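Please read the structure below before turning to the comments.
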Amino acid sequence: MGKLLDDIESPEDLKKLAPAQLPELAEEIRRLIREVVERNGGHLASNLGVVELTIALHYLYDFSTDRLIWDVGHQCYTHKLLTGRREQFQSLRLIDGLSGFPGRDESPYDPFTAGHSGTSISTALGLLMGLERTRELLEHPPEVEPRVVAVTGDASIATGVAFEGLNHTGDLVKRLLVILNDNRMAISGTVGALGKYLNRIRTSSRYNVIKREVRHFIDSVPALGPRMEHAVERLKDLIRHSVVRGGIFEELGFRYFGPIDGHSFDELLTVLGEIHKLRLDQPILLHVITQKGRGHDGACEDPTRFHGVAPAIAVNGKISEETPVAGKPSYTKVFSRVIGDLAWANPELCAITAAMPDGTGLIDFGKSFPERLYDVGICEQHAVALAGGLAAAGLRPVVTVYSTFLQRAYDQIFHDVCLQGLPVIFAIDRAGLVGSDGPTHHGVFDIAYLRHLPGMVLMAPSDGRELERMFRFAMTLEVPCAIRYPRAPVPEEAVSSDEPVALGKSVQLAEGDGGTLLAYGSMVEVALEVPKKLASEGIELCVIDARFAKPLDEETILREVGRAPFVLTLEEGCVVGGFGSAVLELGASRGVDVRKVHLAGIPDRFIEHGPRSELLRRVGLHADGLAKRAREIHQDFVRTRGS
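Going by this note's numbering, the sequence shown opens with residue 56, and the numbers climb by one from there.
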C-alpha cells in the first residue's frame, strides 16, 4: 500500500495533507484499486475515473455531517478507502467482505445503499429536504446547515428518474449540489440527444478559450465592486449561453459550473472551494470531465470491456468460478448465438438493450444487424414502451435485460405490453443469484412480479438446448412472454428432454415413488443430483422439469400432488409469490391437499454478495441441502402415515 494512504483512517486524516500531496495519493489509490479488482473482480474503469474527484470532495466537505450520494454506486471504491475501510478493502466483493457498492449497513458515510442508475438526485433531494425539516424542529439547531452532494454520471443523467429529480429540484429551488461525472460512457458508449449535448459543451473550444480569458481578467483585478462583480457574472452567463447552446440545466433552474477537468486538483479544489462558499438560493450543477479507466492503458482504450472485470484468481489461489470454464459457454453466450440465428430467418425480429449490448450478448447481433439493434441508454421504461410500439407495428422485439433492471419498467410491462396483448419477448439475463454484485443486482423477483400479469407467458430453460427451443417457441406466440436464465455456464451435459416445447407443458426427467421434485429453470440441473444422494436410502424421487411458471402444467402438478408422498418445488427466485406459490395456489383452488407441497427458493430477505455457488449453498439450493430437505420431508411423511 502507498505511504500516504497508509496514514488515512478517516477523511480527517486526508485533510492533513497539503494540496501538493494529493496527486501522489491519487496514484497510490489507483494502484491499490487495480491490485484488488484484478484479483477479486469488480468495477475497474469507473473507479479509476473518479479518484481525484472523490479525494477533492472529501478534502473540502465534512461528510460526517454533510451527505454524499453516489449514483449507481459502483464508482465508490476511493470513497470507501477514505472513510475507514482501507484495511477491509482486500475483501472487496468477497463473501462476508466489503460490498462493491455503498451500503447503509456498512458505514455511516454511506447514507444510501445503491446499485441502480439515476436515483441519486431524487434521494439527495429527499435527504436535503428531510435534514432541513428536522433542523427546523430542533429548539437549538446547529449554526451550519448540512450540505448534500449527489454524484451522477456514467450516463445515468440520461435516465428518466434523473430528469424527474432535476425538474423537481429546480422547481423547489433547493441548495443541492449535483456533480455530473461526464466520462462519455455508461457501461457501453453513451447514446441519445443528451450525450450529444454534453459533447457540444465538452468540445466547444470557443467557450473554453473565452472562459479562460474572462477568468484571467477577473484574477488580474485586485478588488471588484459589487456592480462590477454582477456585470462580470452576467457577462459569463451571456458567453455560456451564446457559445454553448442549449442551457438545459439552467433552464431547469440550476446554476451551471463547468465543464472542468476532473483529473486536475487545481481546478477541482478551486471550483469546488468556490461552490462550497456560495450560499445561492438555487441548486448547482458542476460538470466534471473525467476519463473512464484513467491510469490503466487497457481500460482507457476499451472502457466497456473494463467496466466490470471478472476476478483472475480467488484469495485461496484457485481459479474463480466466475472465470469462464473451458467448453462450457454461458447462457448469455448461447442466447447470443440463438438470437443471431433467429434474426437471419425472421426479418421482423429486432433487439433492444438499455446500454448493455455486451452484457446481454448483443454485440455480434449488432454487427450483423446494426439497423435492428436499438440501444436506448439506461432507460428501461423507454425500452419496454418502445418494444410495445415496435410490436404494434408488426415487428417482433426482444427486450434483452438483466432481471434486476427489468423491474424498473414494471408499469410499462403492464400498460404498454400486456394490456395491449403484444408479442414482445423478454430475454431476462442474470435471473437468480448473480454473485459478487450483491443484493442490488440479484435477479430473484421477476417470477413474482411477472406471473400475475394477464396474458404473460413465463419460461425458464434447464440447459442451452432448452434455451434455444424456448426462444424458437416464443417466436410462434402472439402474446408477451419472458424467458429467464442465470448468470452461469450451461450444464456440461444436457439435462433437458428432447420433447418439443409446448405451451404450459412440463417434462418428466426421472421416475420415483418417494416424492417429486418440481424444478424450474436453473434448478433442474441441481434437482437431478438429489435422487443420486438418496437412492442408497431407498428414497426414489421423481424429477420434473416444469419449463413454465405460467401457464402451469396443471394436469401434471395435480397428478403429482395426488399420488406422491410430497412435492418439493425448486426455483432460483423468491419463494414469496414465486413459482412454488403458483403451485400452492393451483392446489388450493382445486381442493387438493396442499400440505404435501413444500417450497424451496430464495428466502424472504435480501441476499448478500459472494460467489453464486456459495450463496446457493447458504440458502439451501444445492444438491446436499435439497437432499437433506427431501429426506426430512420423506421421514415426516413416513411417520405421519404410520401414526
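Don't be surprised by glycine CBs; every beta carbon is placed ideally from N, CA and C.
Only a predicted model underlies this, so the values are computations on that prediction, with no experimental measurement involved.
First and last residue of the uninterrupted beta strand (DSSP E) at residue i
i           : result
residue 605 : 603-605
residue 437 : Careful: residue 437 lies outside any beta strand (DSSP E), inside the alpha helix (DSSP H) at 435-447.
residue 457 : 451-457
residue 140 : From DSSP, residue 140 is part of no beta strand (DSSP E); its letter is neither H nor E.
residue 303 : Here residue 303 belongs to no beta strand (DSSP E); instead the alpha helix (DSSP H) covers 303-306.
residue 482 : 480-484
residue 501 : Not the beta strand (DSSP E): residue 501 falls in the alpha helix (DSSP H), residues 501-506.
Reduced DSSP secondary structure (H/G/I, E/B, other) of residue i
i           : result
residue 94  : helix
residue 236 : strand
residue 150 : coil
residue 230 : coil
residue 515 : coil
residue 558 : coil
residue 130 : coil
residue 575 : coil
residue 161 : coil
residue 200 : coil
residue 297 : Note that residue 297 has pLDDT 41, beneath the 50 cutoff, so the model's placement of it is unreliable and the number below is only indicative. Reduced to three states, the DSSP call for residue 297 is helix.
residue 330 : helix
residue 540 : coil
residue 156 : coil
residue 122 : strand
residue 674 : coil
residue 549 : coil
residue 529 : helix
residue 73  : coil
residue 664 : coil
residue 342 : strand
residue 621 : coil
residue 383 : strand
residue 594 : coil
Distance CB(residue i)-CB(residue j) smaller than 9 Å
i           : j           : result
residue 605 : residue 539 : no
residue 224 : residue 180 : yes
residue 220 : residue 173 : yes
residue 89  : residue 99  : yes
residue 630 : residue 642 : no
residue 406 : residue 394 : yes
residue 122 : residue 202 : yes
residue 465 : residue 429 : no
residue 542 : residue 490 : yes
residue 135 : residue 238 : no
residue 148 : residue 96  : yes
residue 556 : residue 678 : no
residue 537 : residue 501 : yes
residue 596 : residue 565 : yes
residue 519 : residue 475 : no
residue 462 : residue 215 : no
residue 665 : residue 151 : yes
Integer Cβ distance of residue i from residue j, believed to fall under 8 Å
i           : j           : result
residue 427 : residue 459 : So it is not a contact: roughly 26 Å between Cβ atoms.
residue 676 : residue 655 : 6 Å
residue 105 : residue 81  : Their Cβ separation, rounded to whole angstroms, is 10 Å, which puts residue 105 and residue 81 out of contact at 8 Å.
residue 211 : residue 126 : 5 Å
residue 453 : residue 508 : Between residue 508 and residue 453 the Cβ distance is about 18 Å, and since that is not below 8 Å, they are no contact.
residue 559 : residue 608 : 6 Å
CA nearest to the CA of residue i, picked from the options
i           : options               : result
residue 330 : 396, 598, 664 and 233 : 233
residue 667 : 530, 117, 398 and 488 : 488
residue 620 : 594, 559 and 601      : 594
residue 549 : 309, 521 and 406      : 521
residue 61  : 433, 87, 164 and 592  : 87
residue 416 : 672, 433, 386 and 435 : 386
residue 563 : 586, 611 and 530      : 611
residue 392 : 541, 133, 216 and 523 : 523
residue 602 : 579, 616 and 585      : 579
residue 424 : 383, 396 and 431      : 396
residue 309 : 480, 662, 230 and 214 : 230
residue 137 : 161, 63 and 58        : 63
residue 449 : 455, 456 and 441      : 441
residue 159 : 552, 128 and 445      : 128
residue 581 : 544, 618 and 625      : 625
First through last residue of the alpha helix (DSSP H) which encompasses residue i
i           : result
residue 109 : 106-115
residue 386 : 386-400
residue 493 : Counting along the chain, residue 493 falls outside any alpha helix (DSSP H), and DSSP gives it neither H nor E.
residue 189 : 175-192
residue 637 : 634-644
residue 310 : Not the alpha helix (DSSP H): residue 310 falls in the beta strand (DSSP E), residues 310-316.
residue 100 : 100-103
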